[in-house]
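Colleague: If you read the sequence shown in our numbering, its first letter stands for residue 1, the second for the next number, and so on. Following this message is one structure expressed as structure tokens.
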Amino acid sequence: MITHGSRGSSVLGILALLAMTLGGPAPGSAQTDDSLVVHGPDDASLSLPVGRLRGYSTVPHEALLQLGWAVEVDPSGLRAQLGRGGPLVEFSLDSPFFRWDDQLFQMVSEPFSGGGSIQIPLQFVADFLPILAGEAYSFSPDERALEVLDASLWPGNRDETRRLEATRGGIAIQSGFADGSDPDREEERDLQERVVVIDPGHGGSDPGATGSGGRREKDIALAIGRYLEAELRGDEDIEVYMTRDRDSWIDLWERGPRATEWKGSHSGVFISIHANSSPSSAIRGFETYFLSEARTEHEKRVEAIENAPLLRQADSNDSDVEVLDLTFIQRDLEKFNHGHWSNLLAEGIQAEIEDVHPGPNRGVKQAGFAVLTNVLMPAVLVEVGFISNRAEERILSQGEFQREIAVALAQGVRGFLERYPPGQGSTVQDEGLRKE
Numbered sequence: 001m002i003t004h005g006s007r008g009s010s011v012l013g014i015l016a017l018l019a020m021t022l023g024g025p026a027p028g029s030a031q032t033d034d035s036l037v038v039h040g041p042d043d044a045s046l047s048l049p050v051g052r053l054r055g056y057s058t059v060p061h062e063a064l065l066q067l068g069w070a071v072e073v074d075p076s077g078l079r080a081q082l083g084r085g086g087p088l089v090e091f092s093l094d095s096p097f098f099r100w101d102d103q104l105f106q107m108v109s110e111p112f113s114g115g116g117s118i119q120i121p122l123q124f125v126a127d128f129l130p131i132l133a134g135e136a137y138s139f140s141p142d143e144r145a146l147e148v149l150d151a152s153l154w155p156g157n158r159d160e161t162r163r164l165e166a167t168r169g170g171i172a173i174q175s176g177f178a179d180g181s182d183p184d185r186e187e188e189r190d191l192q193e194r195v196v197v198i199d200p201g202h203g204g205s206d207p208g209a210t211g212s213g214g215r216r217e218k219d220i221a222l223a224i225g226r227y228l229e230a231e232l233r234g235d236e237d238i239e240v241y242m243t244r245d246r247d248s249w250i251d252l253w254e255r256g257p258r259a260t261e262w263k264g265s266h267s268g269v270f271i272s273i274h275a276n277s278s279p280s281s282a283i284r285g286f287e288t289y290f291l292s293e294a295r296t297e298h299e300k301r302v303e304a305i306e307n308a309p310l311l312r313q314a315d316s317n318d319s320d321v322e323v324l325d326l327t328f329i330q331r332d333l334e335k336f337n338h339g340h341w342s343n344l345l346a347e348g349i350q351a352e353i354e355d356v357h358p359g360p361n362r363g364v365k366q367a368g369f370a371v372l373t374n375v376l377m378p379a380v381l382v383e384v385g386f387i388s389n390r391a392e393e394r395i396l397s398q399g400e401f402q403r404e405i406a407v408a409l410a411q412g413v414r415g416f417l418e419r420y421p422p423g424q425g426s427t428v429q430d431e432g433l434r435k436e
């Protein structure tokens, strides 16, 4: 799970994580693509090799030895223990989930066997270690370097002959939890829980688009979001969150980190709800976006409209750096597999809305929406209709239609989650997601 502080620090954290896990250098950085610098005590340093055998950055399992871990490798994965009596971490090959003691976490990518080693996603080193073992490691966004804070873990300062301990606290590693429960069963139950984060667009001082009849986008988005929350609340395996449940403004940069924190180690999806607008009052219909570079003039125009709050914030506070860094963030986020999954989610949602919406299906589109840039899960932005069209403005304001749209969104989410099983990553099935 990735935690975030203030808006500015969250952006820096995302930039640092992207640069390290994707292997690309940040602007002004001398860091190379094939190594990660690690600082130790007394100005000592070393470099960990970084590979990209599957298109994402990894380090060999031997890197954990250099960071103070004892490691055992077997055909199914590896186990490692930090220091003496420290936390135990377990990885399974080709699964993005790993266990840290009795907690389960999810990475963006999965470990795999390659290059004579088990390749571990760099995200584990650059993101999870400083969070889960903050007393031992820290990560510098400016230098994009890892620092070992505990001198006893540094090579030459530790007992190089020790082995992974067979027990922890008197409990054999193989015996499961101390309460006698079955760890496989606990993991299966934990993985069945899904998180859906609903993001009603705009709010508070930002009304979004306003139709000629006076209806405001923020009110329509909130109403549909509430209906969607009520619809999904009855699903026992889905936990639902809303970025706002009233007429309040939530910073665009805060919505993604909140959603990612709520998701934690579970599978999850993020749905941002909006109403479209156009200079032409004749244009109508619905469309769903995923995060990628805008290609058409229409996509660029919608992107500019939905990102406009950032420009207003830049005029009134210290958000200038965030606006300038947006292009860099969205360019690198395209390399995550989430783009593929988000596209599938968007297709399923479009198919469901088509059954209840009188307007044309305008299809799946892509743009660099700020609200989607730091959401580390499949994420879409749904434009449920054109508030600039008089007929659609009226229907978007009707409670019954808002509920029907919410049910369609819920069905799209359910259909996607059925094909998005935990631990399967890019093997999400394309077949059957579109309606015949």
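Ideal Cβ placement from N, Cα and C applies to all residues, glycine included.
Closest by CA to GLN398, which one among ARG362, ILE224, ILE283 and LEU129?
Modeller: Looking up residue 398 in the sequence shown gives position 398. Taking GLN398 as reference, the option from ARG362, ILE224, ILE283 and LEU129 with the minimal CA-CA separation is ILE224.
Colleague: Can you look up THR210 in the DSSP assignment and give me helix, strand or coil?
Modeller: Residue numbering aside, residue 210 sits at position 210 when the sequence shown is read from its first letter. Looking at THR210 - three-state DSSP - the assignment turns out to be strand.
Colleague: For the segment 251-266 against the segment 346-362, do three or more pairs of beta-carbon atoms, one drawn from each stretch, fall closer than 8 Å, so that the two count as touching?
Modeller: no
Colleague: Are there three or more Cβ pairs, one per stretch, closer than 8 Å when the segment 207-216 is compared with the segment 282-291?
Modeller: no
Colleague: Spatial neighbours of LEU149 within its chain, please: CB distance less than 7 Å, with the 5 preceding and 5 following residues excluded, ordered by chain position.
Modeller: If you number the sequence shown from 1, residue 149 lands on position 149. Cβ within range, chain order: GLU135, ALA136, TYR137 and SER138.
Colleague: Just the C-alpha distance for ILE395 and ASP219, rounded to the nearest angstrom, thanks.
Modeller: Your numbering for residue 395 matches position 395 in the sequence shown. Your numbering for residue 219 matches position 219 in the sequence shown. Answer to the nearest angstrom: the Cα atoms are 13 Å apart.
Colleague: Considering just the uninterrupted stretch of the beta strand (DSSP E) at VAL240, what are its terminal residues?
Modeller: By one-based count along the sequence shown, residue 240 stands at place 240. Per DSSP, VAL240 belongs to the beta strand (DSSP E) from 238-242.
Colleague: Hey, could you find the ends of the beta strand (DSSP E) ASP74 is sitting in?
Modeller: As a first step, residue 74 must be located in the sequence shown, where it is residue number 74. 69-74 is the span of the beta strand (DSSP E), which, as asked, contains ASP74.
Colleague: For ASP206, which of GLU229, HIS274, ILE120 and LEU153 has the nearest alpha-carbon?
Modeller: For the purposes of this step, residue 206 is taken as the residue at position 206 of the sequence shown. Considering only alpha carbons, the answer is HIS274.
Colleague: For GLN350, which residues of its own chain have a beta-carbon under 7 Å away from its beta-carbon, when the five flanking residues on both sides are left out?
Modeller: For the purposes of this step, residue 350 is taken as the residue at position 350 of the sequence shown. Cβ within range, chain order: THR288, ASN361, GLY363 and VAL364.
Colleague: Would you decide whether ILE131 is buried or exposed? Buried here means 16 or more other CB atoms lie within 10 Å of its CB.
Modeller: What you label residue 131 is simply residue 131 of the sequence shown in a count that begins at 1. That one is exposed.
Colleague: From GLU186 to VAL302, what distance separates their C-alpha atoms?
Modeller: As a first step, residue 186 must be located in the sequence shown, where it is residue number 186. As a first step, residue 302 must be located in the sequence shown, where it is residue number 302. Note that GLU186 scores a pLDDT of 43, beneath 50, so its modelled location is shaky; the value from the coordinates is reported in the next line. GLU186 and VAL302: Cα-Cα distance of roughly 44 Å.
Colleague: Quick one: what does DSSP say LEU232 is sitting in, helix, strand or coil?
Modeller: Taking the sequence shown and counting its residues from 1, one reaches residue 232 at position 232. In the structure shown, LEU232 adopts helical secondary structure according to DSSP, grouped into three states.
Colleague: By how many angstroms is the C-alpha of ARG246 removed from the C-alpha of GLU229?
Modeller: As a working note, residue 229 is residue 229 in the sequence shown. As a working note, residue 246 is residue 246 in the sequence shown. Cα-Cα distance, rounded: 13 Å.
Colleague: Using only CA atoms, which one of ALA406, LEU417 and GLY264 lies nearest to LEU104?
Modeller: Against the sequence shown, residue 104 aligns to sequence position 104. Nearest of ALA406, LEU417 and GLY264 to LEU104, Cα basis: GLY264.
Colleague: Here's the rule: buried if 16 or more other CB atoms are within 10 angstroms of the residue's CB, otherwise exposed. What is PRO75?
Modeller: To locate residue 75, count along the sequence shown from 1; it is residue 75. By the neighbour-count rule (16 or more Cβ atoms within 10 Å), PRO75 is not buried but exposed.
Colleague: Please identify the residue among GLY339, ASN276, VAL38 and GLU293 whose C-alpha is closest to the C-alpha of THR390.
Modeller: In the sequence shown, residue 390 corresponds to position 390, counting from 1. At residue 390 the sequence reads Arg, which differs from the Thr that was named. The shortest Cα separation from ARG390 among GLY339, ASN276, VAL38 and GLU293 belongs to ASN276.
Colleague: In the structure shown, what three-state DSSP assignment does PRO257 receive?
Modeller: Start at 1 with the first residue of the sequence shown, and residue 257 comes out as number 257. PRO257 falls in the helix class under three-state DSSP.
Colleague: Are VAL38 and LEU122 touching if we call contact CB-CB under 7 Å?
Modeller: Position 38 of the sequence shown, counted from the start, is the residue given in the question as residue 38. Position 122 of the sequence shown, counted from the start, is the residue given in the question as residue 122. Against a cut-off of 7 Å, the Cβ pair of LEU122 and VAL38 comes out as no contact.
Colleague: Hey, quick one: how far does the alpha helix (DSSP H) through ILE405 stretch, first residue to last?
Modeller: The residue you call residue 405 lines up with position 405 of the sequence shown. Element bounds for ILE405: 399-418.
Colleague: State yes or no: is the C-beta of ILE271 within less than 7 Å of the C-beta of ILE198?
Modeller: Within the sequence shown, numbered from 1, the residue matching residue 271 stands at position 271. Within the sequence shown, numbered from 1, the residue matching residue 198 stands at position 198. Against a cut-off of 7 Å, the Cβ pair of ILE198 and ILE271 comes out as a contact.
Colleague: To the nearest angstrom, how far is the alpha carbon of GLY83 from that of PHE98?
Modeller: In the sequence shown, the residue the question calls residue 83 occupies position 83. In the sequence shown, the residue the question calls residue 98 occupies position 98. Put simply, the backbone Cα of GLY83 is about 19 Å away from that of PHE98.
Colleague: Could you check what DSSP says for LEU104 in three-state terms: helix, strand or coil?
Modeller: For the purposes of this step, residue 104 is identified with residue 104 of the sequence shown, where counting begins at 1. Note: LEU104 maps to strand in three-state DSSP.
Colleague: Quick one: does LEU53 have its CB under 7 Å from some CB of chain C?
Modeller: Although the question refers to chain C, the structure presented lacks it and comprises just one protein chain.
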